[in-house]
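Below: one structure, written as structure tokens.
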Amino acid sequence: GSTPAALKRAAVRGDGWLPQGVPEMGMEKAITLIHAERAKVLGDAPIEIGMTTPWMYLGKPAFDVGANALTGSPAEIASVLRERKKLGVHHLGLRFRSRSCDELVEQIERFGSEVGPLLND
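Going letter by letter, the sequence shown gives residues 210 to 330 in this note's numbering.
Dropping the structure here:
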């Protein structure tokens, strides 16, 4: 969950949190709340934070990928994803737009070879 009560439960009882979408309060505030609540009860015990990416398409799509999709060069996509890391996100669930299984595989392979190496810059 992503309500304040759910975030507090995750902070105190869980070892991680993976929201289904961005919470209404935003990721930055949610992560801050989780860490603050965890510190009250568990001190500096680590917690893993995850999130799902927007739909992505590497390159310039030849079809409508939707208004909120992340598109562009590997460097552009890596830059956006590195911002998630700065927020305290440890794990990303990747989502790719495609029109076929072959195109999906191509997008995944490109992400691994072209974007992945840029994520730890």
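From the three backbone atoms N, C-alpha and C, an ideal C-beta is built for every residue, glycine too. The structure presented is a predicted model; accordingly, all values stated were derived computationally and were not measured.
Beta-carbon spacing of residue i, residue j below 8 angstroms
i	j	result
L267	P283	yes
E246	A220	yes
M265	V298	no
L242	L216	yes
E257	H300	yes
A248	S211	no
I286	V324	yes
Boundaries of the alpha helix (DSSP H) in which residue i is found, first to last residue
i	result
T241	M236 to L251
E285	P283 to L296
Opposing strand residues paired with residue i [DSSP bridges]
i	result
G225	E257
Spatially closest choice to residue i from the options, by CA coordinates
i	options	result
E315	L328, L290 and P270	P270
P228	H244, T262 and L251	T262
Residue range of the beta strand (DSSP E) that includes residue i
i	result
L327	Looking at the DSSP string, L327 is not in any beta strand (DSSP E), and its letter there is neither H nor E.
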